[in-house]
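In the numbering used here, the protein residues as written are 340 to 699. Data first, discussion second: the structure below is written as structure tokens.
Quick look at the structure:
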């Protein structure tokens with residue numbers, strides 16, 4: 340069945356979000372607060388009262404989030420309004436935007452952003468409305484299976500963090516009486532580098548290295564590469580990486596390698612501490628929640644307060660006990676890895692189905 344090609348600006352209105360600082364939100368409110376990469380909190384008032392799609396404007400540029408009940412969208416993101424709901428299905432638009440690399444339209448500054456006019460000029464395929472519904476039905480079924488696997492991974496992550504917290508103890512009360520160090524004395528935090536967009540390519544090539552951004556820890560869909568000689572900040576698969584900007588700020592990440600951009604920083608051991616131990620240590624709420632609450636806000640983004648991070652007191656067990664904790668966690672991680680492999684296979688199948696149905 341033939342499909343018309345239309346500009347987004349002809350079928351949708353794109354609205355700017357509105358700033359809402361963390362200390363202004365109502366944490367027990369029923370309204371979700373959305374940033375460029377998804378839900379970042381709750382509030383008791385709504386900015387958008389209808390189903391919509393969130394598009395990352397700053398930070399996680401081009402990231403797409405489904406918001407079936409609307410919500411409060413902060414100023415790092417756009418939200419979408421359909422002009423004619425009898426011609427364009429919102430859920431169809433969600434799937435088609437999820438398959439477009441909007442970062443290619445990014446304005447490169449110290450904090451890259453997505454221009455609304457460039458978004459309006461983007462072409463999409465618009466099949467008849469009934470065909471849109473058929474495509475959505477098939478993709479929703481596949482998405483449901485994928486979400487169940489993602490929930491299993493989340494449960495495994497929760498169990499890993501709980502096991503670490505039980506074996507390590509509370510870092511505030513320090514019940515095991517470990518020697519206490521300043522975090523900055525045992526961990527080095529080093530920020531990334533932002534090469535010019537003119538150096539970017541989007542396929543692997545000899546002499547090039549992957550430029551890793553925050554979003555890449557969720558998906559390989561928008562892999563970017565730069566010349567090896569332009570890579571000023573390198574990290575390995577087992578290195579601990581931190582999302583320096585948000586929302587959500589202070590995500591603790593690992594599992595990729597390459598060069599890392601300005602939105603990330605690397606947490607490296609200085610002495611007597613394992614990388615794996617750092618990974619779980621930084622996720623403890625006694626540190627993590629304080630960093631998030633005290634994150635600094637510039638240019639519409641929250642950022643990690645590095646001075647605060649370096650001054651945390653850290654009870655540090657000896658290496659042998661760190662290894663004992665990590666050995667216990669490794670058994671749980673093996674189980675989680677099996678689920679992730681299965682999820683990766685599902686992701687490939689889902690993208691193949693999406694491409695076939697939507698003609699990417």
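From the three backbone atoms N, C-alpha and C, an ideal C-beta is built for every residue, glycine too.
Same chain only: Cβ atoms within 6 Å of residue i, ignoring 5 sequence neighbours per side
{"i": "residue 515", "result": "508"}
{"i": "residue 584", "result": "398, 602, 640 and 642"}
{"i": "residue 430", "result": "475"}
{"i": "residue 532", "result": "571 and 572"}
{"i": "residue 620", "result": "none"}
{"i": "residue 656", "result": "517"}
{"i": "residue 495", "result": "675"}
{"i": "residue 523", "result": "649"}
Spatial neighbours of residue i in its chain, beta-carbon cut-off 8 Å, leaving aside the 5 residues before and after
{"i": "residue 644", "result": "630, 633, 634 and 635"}
{"i": "residue 521", "result": "649, 650, 651, 652 and 653"}
{"i": "residue 627", "result": "589, 591 and 621"}
{"i": "residue 492", "result": "675, 678, 679 and 682"}
{"i": "residue 504", "result": "623"}
{"i": "residue 489", "result": "682"}
{"i": "residue 692", "result": "477, 478 and 481"}
{"i": "residue 546", "result": "566 and 567"}
Segment limits, alpha helix (DSSP H) that includes residue i
{"i": "residue 618", "result": "614-620"}
{"i": "residue 669", "result": "658-697"}
{"i": "residue 468", "result": "468-507"}
{"i": "residue 348", "result": "347-350"}
{"i": "residue 626", "result": "624-632"}
{"i": "residue 525", "result": "522-525"}
{"i": "residue 646", "result": "645-649"}
Residue-level contact to chain D via CB, residue i, 8 Å cutoff
{"i": "residue 378", "result": "Here chain D cannot be found, since the structure has a single protein chain."}
8 Å contact criterion, which residue i and residue j should meet: CB distance rounded
{"i": "residue 685", "j": "residue 484", "result": "6 Å"}
{"i": "residue 386", "j": "residue 421", "result": "That pair is no contact at about 17 Å."}
{"i": "residue 465", "j": "residue 365", "result": "Residue 465 to residue 365, Cβ: 39 Å. No contact."}
{"i": "residue 468", "j": "residue 416", "result": "Incorrect: roughly 27 Å between the Cβ atoms, too far for contact."}
{"i": "residue 565", "j": "residue 598", "result": "6 Å"}
{"i": "residue 376", "j": "residue 402", "result": "5 Å"}
{"i": "residue 408", "j": "residue 390", "result": "7 Å"}
{"i": "residue 616", "j": "residue 581", "result": "Contact doesn't hold; Cβ gap of about 15 Å is too wide."}
{"i": "residue 586", "j": "residue 379", "result": "4 Å"}
Same chain, Cβ closer than 7 Å to residue i, five either side skipped, listed in chain order
{"i": "residue 614", "result": "577, 578, 579 and 608"}
{"i": "residue 463", "result": "345, 347 and 435"}
{"i": "residue 433", "result": "392, 403 and 405"}
{"i": "residue 359", "result": "372, 382, 411 and 413"}
{"i": "residue 343", "result": "465"}
{"i": "residue 543", "result": "564"}
{"i": "residue 425", "result": "468"}
Run of the beta strand (DSSP E) containing residue i, from where it starts to where it stops
{"i": "residue 395", "result": "391-395"}
{"i": "residue 380", "result": "377-382"}
{"i": "residue 374", "result": "370-374"}
{"i": "residue 402", "result": "Where residue 402 is concerned, there is no enclosing beta strand (DSSP E), given that its DSSP letter is neither H nor E."}
{"i": "residue 359", "result": "That residue, residue 359, is in no beta strand (DSSP E); it is neither H nor E in DSSP."}
{"i": "residue 653", "result": "652-654"}
{"i": "residue 609", "result": "No beta strand (DSSP E) holds residue 609; DSSP gives it neither H nor E."}
{"i": "residue 421", "result": "416-421"}
{"i": "residue 463", "result": "462-465"}
Opposing strand residues paired with residue i [DSSP bridges]
{"i": "residue 434", "result": "None, per the DSSP bridge assignment."}
{"i": "residue 410", "result": "387"}
{"i": "residue 519", "result": "654"}
{"i": "residue 355", "result": "417"}
{"i": "residue 512", "result": "Residue 512 pairs with nothing; no bridge assigned."}
{"i": "residue 343", "result": "465"}
Near the ligand GTP: residue i beta-carbon under 7 Å from a heavy atom
{"i": "residue 536", "result": "With respect to the ligand GTP, the structure offers nothing, as it holds no ligand at all."}
In chain order, each beta strand (DSSP E) run of at least 3 residues that lies wholly inside the segment 527-599
547-551, 564-566, 579-582 and 597-599
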